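First comes the structure, then the notes that go with it.
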Amino acid sequence: MDISIIIPTYNRLWCLPRAIESCGGTNCKTEIIVVDDGSTDGTWEWLQQQPNIKSFYQKNQGQTYAINWGLAHANGKYVRFLDSDDFLIKGIIDEQYLNAEVQLADLVYSRVDIYHEESKKTTKSPELKPWNDFLEVQLGNGYGSHFLGMLFKTEWAKKAPRRADFAFREDRMFLLEYGLLEPKISLVGGCAGYWVKHPDQMQANYQGWKSQVTNWQHLNIYKNILGNLAQNGKLTQSRKNAACTVLWPLAHWIAKKHPKEALEVVNWIYELNPDFKIPGKGTINLLYNKLGFKTTEKILGIRRLIKYGWNY
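If you number the sequence shown the way this note's numbering does, the last residue is 956 and the count never jumps.
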């Protein structure tokens, strides 16, 4: 088997057939593995009627477990992960597979564009250039594409399984832990597929406590990855700088509920990069530079209180 395509799904019968169809018509040997995470919309019953699909059912445990279950049953030399509301471009599976074989690559990547479900319009993402340092890009130095646009070596992916302790950011943790394995990477130009935006999107519903947990998980991912790199003497200044571009906005989001902890993140940023320049322009950027992070966040907090009240 050349490629395994793992599709976790939960109540996505309205779009799952499109995702599966986008995986067909390949010249290389491909298996499609769909893991139904306890759907209640008839997904499992529909899957039983589909030929040439390896389907598995689990009681609702979350996407992390669904992906790992699919990966455990993957027989392909390479593997790709496809959310059931997204879809691939025709021909990309064969093109990336051939590239991986010729270049002896452990990871092949391409651009991912956005498809707006309601308007049926598309938004083109920046064209990718060859990456010199996969980890630096994924830590924050530029557009790092999306796992939808990547083909991974299966044996390597199994060394970096999805982690339930980072369930809300498990895709980010996976890419960074895969990067720690130092894969040989190769670029296939053009678009690999479409990341679909729609009202029922999982990330769009991360509000309240879910939003806070997501921020903490994101922060802990960076602590873990940067700590690992530092311990092994591989935390270069360019990787530190890349991480700071993500840690700064993350500190702002954390400050909305936890200002003390957010200030600790800011202090960490300046430890990583003493020459860090606050990104952006406008009034808020001016406040950060003139008044500092702590005072500026207090002002922003008062503004939110006036606008939204205590329930914000």
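Where a beta carbon is used, it is the ideal one built from N, C-alpha and C, also for glycine.
None of these values were measured; they are calculated from a predicted model.
Please determine, among the options, the residue with the shortest C-alpha to C-alpha distance to residue i.
| i | options | result |
| --- | --- | --- |
| residue 666 | 699, 751, 836 | 836 |
| residue 900 | 882, 869, 941 | 941 |
| residue 859 | 819, 897, 659, 788 | 897 |
| residue 662 | 697, 765, 730 | 730 |
| residue 712 | 742, 802, 778 | 802 |
| residue 764 | 839, 774, 700, 944 | 839 |
| residue 821 | 789, 785, 786, 866 | 866 |
| residue 827 | 885, 797, 784 | 797 |
| residue 812 | 782, 841, 788, 845 | 845 |
| residue 880 | 785, 733, 743, 694 | 785 |
| residue 861 | 875, 818, 843 | 818 |
| residue 919 | 687, 884, 708 | 884 |
| residue 857 | 888, 882, 894 | 894 |
| residue 783 | 950, 947, 891 | 891 |
| residue 716 | 732, 704, 703, 699 | 699 |
| residue 758 | 721, 692, 694, 842 | 842 |
| residue 910 | 683, 760, 736, 933 | 933 |
Can you tell me which of the three DSSP states residue i falls into?
| i | result |
| --- | --- |
| residue 728 | coil |
| residue 951 | helix |
| residue 880 | coil |
| residue 843 | coil |
| residue 651 | strand |
| residue 931 | helix |
| residue 916 | helix |
| residue 836 | strand |
| residue 751 | strand |
| residue 745 | helix |
Residues in the same chain with beta-carbon distance under 6 Å from residue i, minus the five sequence neighbours each way, listed in chain order, please.
| i | result |
| --- | --- |
| residue 602 | With the chain running from 645 to 956 in the structure shown, residue 602 is simply not present. |
| residue 671 | 738 |
| residue 674 | 647 |
| residue 806 | 708, 711, 712, 814, 818 |
| residue 889 | 784 |
| residue 767 | 758 |
How about residue i: is its C-beta nearer than 8 Å to some C-beta of chain D?
| i | result |
| --- | --- |
| residue 745 | The question asks about chain D, but that chain is absent: this structure has only one protein chain. |
Near residue i, what residues of its chain come up, given a Cβ to Cβ distance below 8 Å and the 5 sequence neighbours on each side ignored?
| i | result |
| --- | --- |
| residue 849 | Because the pLDDT at residue 849 is just 49, under 50, the model does not fix this residue reliably, and the point stays unresolved. |
| residue 706 | 681, 808, 811 |
| residue 825 | 750, 800, 803, 804 |
| residue 721 | 645, 646, 647, 797, 798 |
For residue i, which residues of its own chain have a beta-carbon under 7 Å away from its beta-carbon, when the five flanking residues on both sides are left out?
| i | result |
| --- | --- |
| residue 770 | 787 |
| residue 815 | 791 |
| residue 886 | 780, 783, 784, 785 |
Unbroken stretches of the beta strand (DSSP E), 3 residues or longer, contained in the stretch 758 to 833: Complete beta strand (DSSP E) runs here, min 3: 765 to 767, 794 to 797.
Beta strand (DSSP E) runs wholly inside the stretch 655 to 710, at least 3 long, in chain order: 674 to 680, 698 to 701, all fully within the stretch 655 to 710.
Three CB pairs or more closer than 8 Å across the stretch 726 to 739 and the stretch 648 to 667: Because the criterion of three Cβ pairs below 8 Å is met, the stretch 726 to 739 and the stretch 648 to 667 touch.
Inter-stretch contact at 8 Å, needing at least 3 Cβ pairs: the stretch 746 to 766 / the stretch 817 to 831: Touching, per the Cβ criterion.
Contact between the stretch 775 to 785 and the stretch 678 to 688 (3+ Cβ pairs under 8 Å): Touching, no.
Start-end ranges of the alpha helix (DSSP H) lying completely within the stretch 866 to 910, minimum 4 residues: Complete alpha helix (DSSP H) runs here, min 4: 881 to 899.
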